[in-house]
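Trainee: Under my numbering, think of the first position of the sequence shown as 52, with each following residue one higher. By construction, the Cβ of each residue, glycine as well, lies at the ideal position given by its N, Cα and C atoms. It should be emphasised that the depicted structure is a prediction, and the values quoted were computed from it without experimental measurement. I have a structure here, written as structure tokens, and I will follow up with some questions on it.
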Amino acid sequence: MAFQKLQTRALGKTVLQRGLHAFVLAVLLSGCSLDSNVLWPDDPSDAPYASVGSQDAAIPQLAASPPPRSTIGAAPPPALGTTNFVPPPISSPQATGTFVGQKVSQHRSELRTLQVSINEHNRKLQEIRNVTTANAQRYHGTVAVVTARLQLGTTPGNPVLVNQWNAAQLALDRISSDITSMTSLGTTVAADSAMSAYLLESLRATYGLSGAIDEDHRQVSILEDETNRTVVMVDRLLNELSEDIARQTGYVGNARGDLTTLSLAVKNGEMYGASLGNRAFSTAAPVVSMAPSSLGRSSSRYAGADRRPLVVIRFDRPDVPYQQALYSAVKKAQERKPSAQFDLVAVAPTSSSAAQSQLAQSKSKRHAQEVLRTLNDMGLPSEVVTLSATTSGDTATNEVHIYVR
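What follows is the structure in structure tokens.
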């Protein structure tokens with residue numbers, strides 16, 4: 052009997068757990084309005100991705116799946132070169148006393164001076180690399196702390212996170228300063244490269260001078276080999292330095308886009324993800340610059356009127372939480388079509404009163420400007436977004452529609 056009671060209790064507990072799971076799932080999915088062609092449409096511009104702001108349709112992506120985890124600060128900075136550029140040794144043979152022997156001695160002295168300069172540049176390069184590595188570690192450590200706190204959830208505009216964000220910005224500025232130092236050093240190394248090439252040509256011209264003995268030509272041959280090795284080393288130094296500059300410059304540009312997104316996340320107290328601008332600039336084809344159309348104009352037919360919107364944001368209550376759904380939708384559109392451009396349309400309801408209609412249009416345009424600022428804060432360039440405004444008799448509240456081109 053006791054065993055049967057235990058089985059009955061266990062079965063009742065299992066049924067209760069399943070009932071709770073079903074209830075939670077029903078609550079989560081009650082805010083979703085998705086069809087099979089929404090998340091993975093045949094054409095990104097052919098289906099709405101999200102409908103945000105309605106009382107009966109909250110943020111579908113937040114209900115369907117957890118928000119994407121940010122990759123800000125997760126990827127390490129590009130590796131710097133590790134070569135230590137030490138010039139090869141220079142021989143010191145006995146002077147022959149001839150005119151050609153004097154020229155060889157002069158070229159040997161010039162090569163030594165060049166190698167002293169190269170040693171100094173190598174010392175500066177290693178120093179810059181160490182400082183850059185320390186600044187990158189400081190930047191990533193600070194961003195990781197901010198990101199972890201945001202993923203757990205925090206208050207909007209948390210002053211502790213604001214101070215940490217400022218520290219990350221300062222560390223990134225220091226990396227930019229390191230890049231400037233690398234660029235200046237590259238200019239000096241380029242002068243050394245030109246000098247080494249000139250020295251090699253002058254040394255080879257010594258073979259044609261008259262009055263030389265066999266020992267002179269032997270010394271010229273040895274010095275030519277030493278100069279050749281120095282020329283190759285200077286070229287490698289210049290190439291490695293140029294690669295470091297290019298990689299670090301691209302890295303800092305992407306990191307600034309991530310910091311822009313992170314600042315918006317700190318402002319709202321929640322994490323969105325990595326900057327939208329990074330994906331657009333790193334993988335998209337060049338975007339043709341288009342001046343946004345004025346929000347002051349209104350027409351009965353707007354861009355994308357014959358298309359289904361990617362996102363519909365309904366401003367039917369104060370503080371509509373559209374940011375996460377907007378980020379997810381635009382990010383997926385860029386993943387499917389990296390060169391995507393977007394039409395942002397302010398839609399106001401029609402009214403029998405001209406005054407009320409004008410007020411509604413002005414309000415919808417302010418909402419559209421707010422959405423545009425949010426997209427810019429997320430890293431989406433303004434050049435890929437066009438603005439327009441219209442009225443519609445099919446809506447009872449102000450809306451902002453976003454279409455993919």
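Candidates Ser-247, Leu-236, Leu-251: which alpha carbon is nearest Asp-295's?
Mentor: Comparing Cα-Cα distances from Asp-295 to each of Ser-247, Leu-236, Leu-251, the minimum goes to Leu-236.
Trainee: With DSSP run on the structure shown, which of helix, strand or coil describes Ser-443?
Mentor: Correct three-state label for Ser-443: strand.
Trainee: Report the residue from Glu-450, Phe-393, Ala-440 whose alpha carbon sits nearest the alpha carbon of Leu-426.
Mentor: Closest by alpha carbon: Phe-393.
Trainee: Contact check, Met-233 vs Leu-292 under 8 Å by CB: the rounded distance?
Mentor: That pair is a contact at about 6 Å.
Trainee: What residue range does the beta strand (DSSP E) around Glu-450 cover?
Mentor: Taken as a continuous stretch (DSSP letters only), the beta strand (DSSP E) holding Glu-450 covers 450-455.
Trainee: What's the gap between the Cα of Leu-149 and the Cα of Leu-176?
Mentor: The question names Leu, but residue 149 is Thr in the sequence shown. The straight-line gap from Cα to Cα measures roughly 41 Å.
Trainee: Evaluate the contact criterion for the segment 247-259 versus the segment 207-226: three or more CB pairs, one atom per stretch, below 8 Å.
Mentor: No, the segment 247-259 does not touch the segment 207-226.
Trainee: The beta strand (DSSP E) that contains Ile-264, what's its start and end?
Mentor: Careful: Ile-264 lies outside any beta strand (DSSP E) and carries neither H nor E.
Trainee: Mark Leu-274 as exposed unless 16 or more other C-beta atoms lie within 10 angstroms of its C-beta, in which case mark it buried.
Mentor: When all chains shown are included, Leu-274 counts as buried.
Trainee: Taking contact to mean 3 or more Cβ pairs, one atom from each stretch, closer than 8 Å, check whether the segment 177-191 and the segment 202-217 are in contact.
Mentor: The segment 177-191 vs the segment 202-217: no contact.
Trainee: I'd like to check one pair, Glu-434 with Ser-443: are the Cβ atoms closer than 9 Å?
Mentor: For Ser-443 and Glu-434, no; Cβs fall outside 9 Å.
Trainee: Who are the Cβ neighbours of Pro-210 in its own chain at under 6 Å, not counting the five residues just before and after it?
Mentor: Excluding residues within five positions, none has a Cβ falling inside 6 Å.
Trainee: Can you tell me the Cα-Cα spacing of Leu-165 and Met-246, whole angstroms?
Mentor: Rounded to whole angstroms, Leu-165 to Met-246 spans 8 Å at the Cα level.
Trainee: Exposed or buried, which one is Gln-412 when buried takes at least 16 other CB atoms within 10 Å?
Mentor: Classification for Gln-412: buried.
Trainee: Taking the alpha carbon of Ala-376 as the point to measure from, which residue in Lys-388, Val-362, Arg-387, Asp-367 has its own alpha carbon closest?
Mentor: Nearest of Lys-388, Val-362, Arg-387, Asp-367 to Ala-376, Cα basis: Val-362.
Trainee: What are the complete alpha helix (DSSP H) segments, minimum 4 residues, inside the segment 202-261?
Mentor: The segment 202-261 contains these whole alpha helix (DSSP H) runs: 210-256.
Trainee: Name the DSSP bridge partner or partners of Val-396?
Mentor: Partner(s): Ser-439, His-452.
Trainee: Nearest to Gly-304 by CA position, among Pro-138, Gly-430, Arg-159, is which residue?
Mentor: The shortest Cα separation from Gly-304 among Pro-138, Gly-430, Arg-159 belongs to Gly-430.
Trainee: If you run the structure through DSSP and keep just helix, strand and coil, what is Ile-169?
Mentor: In the structure shown, Ile-169 sits in a helix (DSSP, three-state: H, G or I).
Trainee: Please determine, among Ala-447, Gly-208, Tyr-190, the residue with the shortest C-alpha to C-alpha distance to Leu-315.
Mentor: When only C-alpha atoms are compared, the closest one is Gly-208.
Trainee: Given that a residue counts as buried once 16 or more other Cβ atoms are within 10 Å of its Cβ, and exposed if not, what is Gly-308?
Mentor: Result: buried.
Trainee: CB Pro-144 to CB Gln-299, shorter than 9 Å?
Mentor: No. Outside cutoff.
Trainee: At the level of alpha carbons, what is the spacing between Glu-161 and Gly-152?
Mentor: Cα-Cα distance, rounded: 14 Å.
Trainee: Just mark Ser-439 as buried or exposed, buried being the case when its beta carbon has 16 or more other beta carbons within 10 Å.
Mentor: Ser-439 is buried by the Cβ-count criterion.
Trainee: Whose CA, out of Gly-301, Val-396, Thr-147, lies closest to the CA of Arg-359?
Mentor: Taking only the C-alpha atoms, the option nearest Arg-359 is Val-396.
Trainee: Does the distance from the CB of Glu-266 to the CB of Thr-133 come in under 9 Å?
Mentor: No; because the gap between Cβ atoms is not below 9 Å, this pair is not in contact.
Trainee: For the beta strand (DSSP E) that contains Val-371, what are its first and last residues?
Mentor: Per DSSP, Val-371 belongs to no beta strand (DSSP E) and is neither H nor E.
Trainee: What did DSSP end up calling Ile-179 once you bin it into helix, strand or coil?
Mentor: Looking at Ile-179 - three-state DSSP - the assignment turns out to be helix.
Trainee: Report the option in Phe-366, Asn-173, Pro-400 whose CA atom is closest to the CA atom of Thr-239.
Mentor: Nearest of Phe-366, Asn-173, Pro-400 to Thr-239, Cα basis: Asn-173.
Trainee: To the nearest angstrom, how far is it from the Cα of Ala-336 to the Cα of Glu-171?
Mentor: Legend: pLDDT at Ala-336 = 33, less than 50; position of this residue unreliable, value from coordinates given subsequently. Between Ala-336 and Glu-171, the C-alpha separation is close to 42 Å.
Trainee: Give the single residue among Leu-131, Leu-423, Ser-408 whose Cα lies nearest to the Cα of Tyr-373.
Mentor: Checked all of Leu-131, Leu-423, Ser-408; the closest Cα to Tyr-373 is Leu-423.
Trainee: DSSP three-state call for Arg-358: helix, strand or coil?
Mentor: In the structure shown, Arg-358 sits in coil (DSSP, three-state: anything other than H, G, I, E or B).
Trainee: Give me the Cβ distance between Ile-169 and Val-285, rounded to the nearest whole Å; I'm assuming they're in contact under 8 Å.
Mentor: At roughly 6 Å, the Cβ-Cβ gap stays under 8 Å, so Ile-169 and Val-285 are in contact.
Trainee: What number of angstroms, rounded off, separates the C-alpha of Arg-456 from the C-alpha of Pro-432?
Mentor: The straight-line gap from Cα to Cα measures roughly 15 Å.
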